[in-house]
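Comments concern the structure below.
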Amino acid sequence: MSIKAQPGPTRKTMGQVVACLRCCRGRTDQKHPAVPADWLKAEWRRRELPEKVHLTLSGCLGPCDATNVVLVMSGG
Ligand code: FES
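Counting from 87, one number per residue, gives the positions in the sequence shown under our numbering.
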């Protein structure tokens, strides 16, 4: 049995930023600061970053006791 390679992403970027938008995000009732997700997406586009760095607004990334968790991955 052979395993065929899956095609890679067609868009080459310098990296990816993944921001958690789940329970750690903006829970001001739990004393987490608010996260301006709409502003972040608008600024990402305005600064023409989508062609350079992929932005993903994600669910839980793991360290939920931290506030507004972001993962930055570079290179390819
Ligand atoms: S909910 Fe944000 S890291 Fe888990």
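For glycine and all other residues, C-beta sits at the position ideal for the given N, C-alpha and C.
Since this is a predicted model, take the numbers as computed values, not measurements.
TODO: Determine the burial state of Cys146: buried for a count of at least 16 other Cβ atoms within 10 Å of its Cβ, exposed for fewer.
DONE: For the purposes of this step, residue 146 is taken as the residue at position 60 of the sequence shown. It counts as exposed.
Task: Reduced DSSP secondary structure (H/G/I, E/B, other) of Leu135 - done: On the sequence shown, position 49 is the one that residue 135 refers to. Leu135 falls in the coil class under three-state DSSP.
Task: Whole-number beta carbon distance between His118 and Thr153, since they are thought to touch under 8 Å - done: Translated into positions along the sequence shown, residue 153 becomes position 67. Translated into positions along the sequence shown, residue 118 becomes position 32. So it is a contact: roughly 5 Å between Cβ atoms.
TODO: Kindly indicate if chain D contains any beta-carbon less than 8 Å away from that of Lys90.
DONE: The displayed structure is made up of one protein chain only, and chain D is not part of it.
Open item on the list: For Gln102 and Ser160, I'd like the C-alpha separation in whole angstroms.
Closed with: Residue 102 sits at position 16 when you count from the first residue of the sequence shown. Residue 160 sits at position 74 when you count from the first residue of the sequence shown. Cα to Cα, Gln102 sits roughly 6 Å from Ser160.
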